[in-house]
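Asks: Residue numbers (this note's numbering), protein chains in the order written: chain A, 1 to 358; chain B, 1001 to 1358.
I'd like to ask you about the structure that follows.
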């Protein structure tokens, strides 16, 4: 084996298919074991997978750092990849080359991955046709890079649990999160009023202003949520039929108290790392329903028929195109500076989403 | 006015319709203010309401003392009657006389009241045709007296939240309650396996034996519910698709841990006076759904169309007739000895339902 050691790269270059215009290598943020992302992630120069008949070579353009990506690397998420793995599960890429049996995509198309775990923090990937969804190229790059998790979560939670009509209201905590901002904008586009709960903070008015400019009808702090003044608010807006919960603990119990008779609360996150606590009377006498939502699972359930997924993505792109749905506040960070992005994304009260650009 | 004072009763007797065979009086357990039942209830000789064209004179035969009756008298229930009120909301009576416009009932029929609050702890009542449901007379009196709350609650919870097939399993706490015993029997008749959680107690084996004889497949204590040995149980029976919760607090969280992916927990009581606490992960990654059930509200929702209610009652009577559904262990107490029944029904670990007989 020693004989060929120095020859191999040359041999590999020689054997590369003529059609392959891009180098058969990829720079990727790889982790070989679970742990703190800053410690276990390494930027590696990897050999790209073979294209084969069914593969699609995607050049990644931009990929965000989401909380679930961090938890997946830490090993605390409900879905974990085989190791070693490439970090990241969302992003947008451009098709460079397709296998001979690929029919629905062509070079130049913008695509987003719909499977998880996938590994989007790399310059190049070869993925299967079925794991990619083509999106229009008339939307901003950062919107495309952050389309498939947060706006989709917001869209489904608004669509699938209660039949909301214009003039109805919903309430949500963690309203300044990526999902929260998408909820505000999609609801506003549909004429649904939003009551948005956020934690108190030094620059509160700045955040209230930002959420209001996105279309938030009411912004309240968690402390205000417990005060009798909330009754005044409900003279202006109907009690919410739907509550979206990303926190847990007291925030959630307080929010639930304002929900309408027979309303639904959907839990999609647990930022406070505390359980959801519900008085028995809310179930029996108020007939509230508590459900959960996980976008990853929803997407997995669409593998047989992608019509609902495609329809949703096109609806969201339409909102983006009309200026009714914008990307969250983002900070673009070159892939090689990933340590800066990781550090910023794990800082408390971060309101800017870190986007790795390749 | 004074002139006629002594004449009035005579005049009233003279004006009474000839068809009225029973005395126009009723002995009733009345409360004029909310408070501890033993203190505020009084046995009173009351004038019965006029029959009118639409009234049905019902001679009550037997009426149970349910926990909700106690809470209603205490003033802590979600539904309270105008005061003064007659206690009790369940029972069976026999039609004595009907108003001229009553078409669906005739003297001799057995009836159960379907409205609440109603006041069943009395010898005679005049009720509207629409508030009564005729039941077959081929079932035991104590079954009829205890039919409209607990067996109906059990029936609806088994029917309305998950589509259960023979061989599926359900789990319930407070399994020795009135509802719990009905759940065991109805589920057994349908071929659905039951995992029944009860509190540890001095005469545990006796209770286990009784529930097993009703058709319980598995009986476990709340302590056993937390032990790894539960995994052995789930080698014999599938994980439950449905959990029925009448307790709250730790019992409920422990029960929820054993539910199947995408399963449903229905809360219909809160005996522990503690809230329901759910880990966020159960909502997101296990996709469990939490709902509530209140029989009183369900019945109110059927006022326009009683087909589902009638169908359920006939199904339950059929199970009773076939010996598949029995009354809970009962103690019959004459109406005048109501203090004994109240005291017994409020004692902890009471396994015998107190039935007032008129």
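Ideal Cβ positions, reconstructed from N, Cα and C, are used throughout, including at glycine.
Please report the straight-line C-alpha distance between residue 1136 (chain B) and residue 1306 (chain B), rounded to a whole angstrom.
Replies: Looking at the two C-alpha atoms, the distance is approximately 17 Å.
Asks: Between the region 1275–1307 of chain B and chain A, which residues of the former have CB atoms less than 8 Å from a CB of the latter, in chain order?
Replies: Listed in sequence order: 1275, 1276, 1277, 1278, 1279, 1280, 1281, 1282, 1283, 1284, 1285, 1286, 1287, 1288, 1289, 1290, 1291, 1292, 1293, 1294, 1297.
Asks: Near residue 22 (chain A), which residues of its chain fall below 6 Å by C-beta distance, leaving aside the five closest residues on each side in sequence?
Replies: In this prediction, residue 22 (chain A) scores a pLDDT of 49, lower than 50, which makes its location untrustworthy; the coordinate-derived value is nonetheless stated afterwards. If we look at residue 22 (chain A) and ignore the five residues flanking it on each side, its Cβ neighbours are 96.
Asks: Is the separation between the beta-carbon of residue 1352 (chain B) and that of residue 1331 (chain B) shorter than 7 Å?
Replies: Result yes, Cβ atoms of residue 1352 (chain B) and residue 1331 (chain B) sit closer than 7 Å.
Asks: Taking the alpha-carbon of residue 1126 (chain B) as reference, which of B:1179, B:1283, B:1049 has the nearest alpha-carbon?
Replies: Among B:1179, B:1283, B:1049, the Cα nearest to that of residue 1126 (chain B) belongs to B:1049.
Asks: Applying a beta-carbon distance threshold of less than 8 Å, which residues of chain A neighbour residue 1078 (chain B)?
Replies: Those are 281, 284, 285, listed as they occur along chain A.
Asks: Could you name each continuous alpha helix (DSSP H) segment of 4 residues or more that falls completely within the region 1158–1213 of chain B, going from the start of the chain to the end?
Replies: Fully enclosed alpha helix (DSSP H) runs of 4 or longer: 1178–1190.
Asks: Along the alpha helix (DSSP H) that carries residue 1067 (chain B), what are the first and last residues, could you check?
Replies: Unbroken alpha helix (DSSP H) run through residue 1067 (chain B): 1067–1074.
Asks: Taking the straight line between their C-alpha atoms, what separation do you get for residue 164 (chain A) and residue 192 (chain A)?
Replies: Whole-angstrom Cα-Cα distance: 7 Å.
Asks: Give a yes or no on whether the C-beta atoms belonging to residue 1064 (chain B) and residue 1047 (chain B) are separated by under 7 Å.
Replies: Not closer than 7 Å, so no.
Asks: Starting from residue 40 (chain A) and walking both ways along the beta strand (DSSP E), at which residues does that stretch end?
Replies: No beta strand (DSSP E) holds residue 40 (chain A); the alpha helix (DSSP H) holding it covers 37–40.
Asks: What ranges does the alpha helix (DSSP H) occupy inside the region 1205–1268 of chain B, keeping only unbroken runs of at least 4 residues that lie completely in it?
Replies: Runs of the alpha helix (DSSP H) inside the region 1205–1268 of chain B: 1230–1236, 1250–1256.
Asks: Report, in whole angstroms, the separation of the C-beta atoms of residue 1059 (chain B) and residue 1124 (chain B), which I expect to be a contact under 8 Å.
Replies: About 6 Å separates the two Cβ atoms, so the contact holds.
Asks: What does DSSP give as the partner residues of residue 1113 (chain B) in its beta bridges?
Replies: Looking at the DSSP assignment, residue 1113 (chain B) forms a beta bridge with B:1132.
Asks: Would you list, in chain order, the members of the region 1248–1267 of chain B that have their beta-carbon closer than 7 Å to a beta-carbon of chain A?
Replies: Answer set for the region 1248–1267 of chain B: 1248, 1267.
Asks: Quick one: residues in its chain with C-beta nearer than 8 Å to the C-beta of residue 1357 (chain B), no 5 flanking neighbours on either side, listed in chain order?
Replies: These residues qualify, in order along the chain: 1061, 1062, 1332, 1333, 1334, 1335.
Asks: Which whole-angstrom value describes the C-beta separation of residue 1219 (chain B) and residue 1196 (chain B), a residue pair presumed to lie in contact below a C-beta threshold of 8 Å?
Replies: Rounded, the Cβ-Cβ distance is 5 Å, consistent with contact.
Asks: Determine the burial state of residue 1038 (chain B): buried for a count of at least 16 other Cβ atoms within 10 Å of its Cβ, exposed for fewer.
Replies: By the neighbour-count rule (16 or more Cβ atoms within 10 Å), residue 1038 (chain B) is not buried but exposed.
Asks: Return no unless some Cβ of chain E is closer than 7 Å to the Cβ of residue 270 (chain A).
Replies: Among the chains of the structure shown, chain E does not appear; the protein chains present are A and B.
Asks: Give, in chain order, every unbroken run of the alpha helix (DSSP H) that is at least 4 residues long and sits entirely within the region 1309–1349 of chain B.
Replies: Runs found: 1338–1345.
Asks: Terminal residues of the continuous beta strand (DSSP E) containing residue 26 (chain A)?
Replies: Per DSSP, residue 26 (chain A) belongs to the beta strand (DSSP E) from 25–31.
Asks: Could you check whether the region 1249–1257 of chain B touches the region 241–256 of chain A, counting it as contact only if at least three pairs of C-beta atoms, one from each stretch, sit closer than 8 Å?
Replies: The answer is no - the region 241–256 of chain A does not touch the region 1249–1257 of chain B, with fewer than three Cβ pairs under 8 Å.
Asks: Less than 7 Å between the C-beta atoms of residue 119 (chain A) and residue 149 (chain A), yes or no?
Replies: No, the Cβ-Cβ distance between residue 119 (chain A) and residue 149 (chain A) is not below 7 Å.
Asks: Where residue 171 (chain A) and residue 322 (chain A) are concerned, what is the direct C-alpha to C-alpha distance, given to the nearest angstrom?
Replies: Between residue 171 (chain A) and residue 322 (chain A), the C-alpha separation is close to 25 Å.
Asks: Please report the Cβ distance between residue 1207 (chain B) and residue 1176 (chain B), rounded to the nearest whole angstrom; I am assuming they are in contact, meaning their Cβ atoms lie under 8 Å.
Replies: That belief holds up - the Cβ atoms of residue 1207 (chain B) and residue 1176 (chain B) are roughly 6 Å apart, short of 8 Å.
Asks: Considering only the alpha carbon of each residue, which of A:296, A:121, A:280, A:300 lies closest to residue 1291 (chain B)?
Replies: If we check each option's Cα against that of residue 1291 (chain B), A:280 comes out closest.
Asks: Less than 8 Å between the CB atoms is what I'm expecting for residue 1117 (chain B) and residue 1079 (chain B), so what's the real figure, rounded?
Replies: Rounded, the Cβ-Cβ distance is 6 Å, consistent with contact.
Asks: What number of angstroms, rounded off, separates the C-alpha of residue 273 (chain A) from the C-alpha of residue 211 (chain A)?
Replies: Looking at the two C-alpha atoms, the distance is approximately 25 Å.
Asks: Rounded to whole angstroms, what's the CA-CA distance from residue 278 (chain A) to residue 1181 (chain B)? Just pull it up for me.
Replies: If you take the alpha carbons of residue 278 (chain A) and residue 1181 (chain B), they lie about 26 Å apart.
Asks: Find the nearest neighbour of residue 296 (chain A) within the set A:33, A:29, A:69, A:57, judged by alpha-carbon distance.
Replies: For the residues A:33, A:29, A:69, A:57, the minimum Cα distance to residue 296 (chain A) belongs to A:69.
Asks: Once DSSP output is grouped into helix, strand and coil, what is the label at residue 22 (chain A)?
Replies: Any reading at residue 22 (chain A) needs caution, since the residue's pLDDT is 49, under 50, leaving its predicted position unreliable; the model's value is listed next. Correct three-state label for residue 22 (chain A): coil.
Asks: Quick check on residue 1046 (chain B): does DSSP put it in helix, strand or coil?
Replies: It is a strand residue.
Asks: Checking the sheet assignment: what are the DSSP bridge partners for residue 1060 (chain B)?
Replies: Beta-bridge pairing links residue 1060 (chain B) to B:1093.
Asks: Mind checking residue 162 (chain A): buried by the 16 CB within 10 Å criterion, or exposed?
Replies: Classification of residue 162 (chain A): buried, given that the 10 Å Cβ count is 16 or more.
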